[in-house]
Amino acid sequence: MNTGRIMLETSLRIIGIIFPLFACTLLGTWYCKRFKPDLTAVNRLNLDVFSPLLIFWALVDKPFDPIGYLNLAVGGAVVILGSGLLLLPLVLLSRINLHTFLPPMMFNNSGNMGLPLLLFAFGPEALQPAVILLIVGMLLQFTVGVLLLDHRVNPLKMLRNPILLAAVIGLVMNITGIRLPVPVMATINMLGQVAIPLLLFALGARLLDVDMKDWQLGTFGAFAGPLVGVASAQAIMPFLHLSEFESAILIVFGALPPAVFNLLLAEQYQQEPHRVASLVLIGNLFSVIIIPVALWFTLP
311 MNTGRIMLET SLRIIGIIFP LFACTLLGTW YCKRFKPDLT AVNRLNLDVF
361 SPLLIFWALV DKPFDPIGYL NLAVGGAVVI LGSGLLLLPL VLLSRINLHT
411 FLPPMMFNNS GNMGLPLLLF AFGPEALQPA VILLIVGMLL QFTVGVLLLD
461 HRVNPLKMLR NPILLAAVIG LVMNITGIRL PVPVMATINM LGQVAIPLLL
511 FALGARLLDV DMKDWQLGTF GAFAGPLVGV ASAQAIMPFL HLSEFESAIL
561 IVFGALPPAV FNLLLAEQYQ QEPHRVASLV LIGNLFSVII IPVALWFTLP
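So for the sequence shown, our numbering puts the first residue at 311; every next one is plus one.
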């Protein structure tokens, strides 16, 4: 009875988390269908200014202990990279564009869904592990993820990526304990909060280009991503000697839907952003079903 109540509360919690996502997305679809604006400059501004500030603020705002969670960080990296490796043969056999499909399957929504969800399900002690997994995901997405989208990208140019620079600087400042003045942090937070709504608005615009095949691909990805993510977590856990608590968090991390940032990078590198939009949107929609199932097996 208690587990059933927790699953119901979890489903309602997830609906509460993803409702703003769909509301902003549908608003973007309606507005762009009616007024047909050119969002190229807006997307570039989001990539160069708002998103880097959001990531920097997220990394500096909450202190964490990277050494104490080293094994969990390795587990998070294995979940991300393992998801791509497990799906690669299927992608090659089915002739799905791997540059379009694999990044959303690998890089999940560990920020605006993962953090509040893990805190709700496992309590305040889940904050540091959740932040560690968020950082691992960010660093891999803006290195390995960028190489997946464009293997010809110059590594030096990649290191100048504003988002990657923000992640590295934020990580160093957090580890060293450097703190910025409160007014400066408030300004960074204010500008960073623009990133996600603007990104969701652009996601809505991309849905105008989605056809039936894209919806089918999105539905397939909604189940394939969590399946290989959880499988990767289960495969690596015996070798990492994680606590039962950390193991549960890693499994839920593997079951999370695609991150919205996948669309931002797909837009930047022109990697079928309309298909990436369907993978992100449908994956987050089906998380209302998938995440409670994952919690069923992980909650004590």
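Note that beta-carbon positions come from the ideal geometry of N, C-alpha and C, so glycine has one too.
Count the other CB atoms, across all protein chains shown, that sit within 10 Å of the CB of residue i; report buried if there are 16 or more and exposed otherwise.
i      : result
Gly378 : exposed
Asp519 : exposed
Thr320 : buried
Asn407 : exposed
Asn464 : exposed
Leu318 : exposed
Ala368 : buried
Thr335 : buried
Ile325 : exposed
Ala370 : In the sequence on display, residue 370 carries Val and not Ala. Its Cβ being crowded by 16 or more others within 10 Å, Val370 is buried.
Arg470 : exposed
Arg405 : exposed
Ala431 : buried
Gly338 : buried
Gly314 : exposed
Ile559 : buried
Leu364 : buried
Ile600 : buried
Leaving aside the five residues before and after residue i along the sequence, list all residues of the same chain whose C-beta is less than 6 angstroms from its C-beta, in chain order.
i      : result
Pro512 : One detail in the question is off: residue 512 reads as Ala in this sequence, not Pro. So the qualifying residues of the chain are Leu349 and Asn353.
Arg516 : Pro583, His584 and Ala587
Gly366 : Note that residue 366 corresponds to Phe in the displayed sequence, not to Gly. Hits under 6 angstroms: Ala476 and Gly480.
Gly421 : Leu444
Met416 : Ile390, Ser393 and Gly394
Met547 : Ser557
Phe596 : Ala532
Are the CB atoms of residue i and residue j nearer to each other than 9 angstroms?
i      : j      : result
Ala576 : Leu459 : yes
Ser542 : Gly514 : no
Met423 : Ile327 : yes
Leu509 : Leu573 : yes
Pro567 : Asn418 : yes
Leu589 : Gly531 : yes
Val441 : Leu427 : no
Ile488 : Val482 : yes
Gly447 : Ala569 : yes
Pro536 : Ala604 : yes
Leu552 : Leu382 : yes
Asn594 : Phe332 : yes
Leu449 : Val494 : no
Ala545 : Val388 : yes
In chain order, what residues of the same chain have a beta carbon less than 7 angstroms from the beta carbon of residue i, not counting five sequence neighbours either side?
i      : result
Gln578 : Leu357
Gln438 : Phe374, Asp375 and Tyr379
Leu397 : Leu412, Met415, Ala534 and Val538
Leu457 : Val463
Asp524 : His584, Arg585 and Ser588
Lys343 : Leu518
Rounded to the nearest angstrom, how far is the Cβ of residue i from that of residue j, given a contact under 8 angstroms?
i      : j      : result
Asn484 : Pro373 : 6 angstroms
Leu609 : Gly385 : With 8 angstroms as the limit, Leu609 and Gly385 do not qualify as a contact, their Cβ atoms being about 19 angstroms apart.
Ile592 : Gly539 : Not confirmed; about 16 angstroms, so no contact.
Ser361 : Ala505 : 4 angstroms
Phe571 : Gln451 : 6 angstroms
His461 : Gln581 : The pair is not a contact, with the Cβ atoms about 12 angstroms apart (cut-off 8 angstroms).
Met468 : Thr453 : 7 angstroms
For residue i, I'd like the list of residues in its chain whose CB is within less than 8 angstroms of its CB, leaving aside the five on either flank, ordered along the chain.
i      : result
Trp340 : Gly514
Val359 : Pro472 and Leu501
Where in the segment 528-583 do unbroken runs of the alpha helix (DSSP H), each at least 4 residues long, occur, reported from the N-terminal end onward? 554-564 and 571-578
Please specify which runs of the alpha helix (DSSP H), each continuous and at least 4 residues long, are wholly inside the segment 357-419, giving them in chain order. 361-371, 380-404 and 408-416
Ignoring anything shorter than 4 residues or poking outside the segment 443-478, list the alpha helix (DSSP H) runs there in chain order. 454-459 and 465-469
Every unbroken alpha helix (DSSP H) within the segment 488-535, with a cutoff of 4 residues, ordered by chain: 492-502 and 505-516
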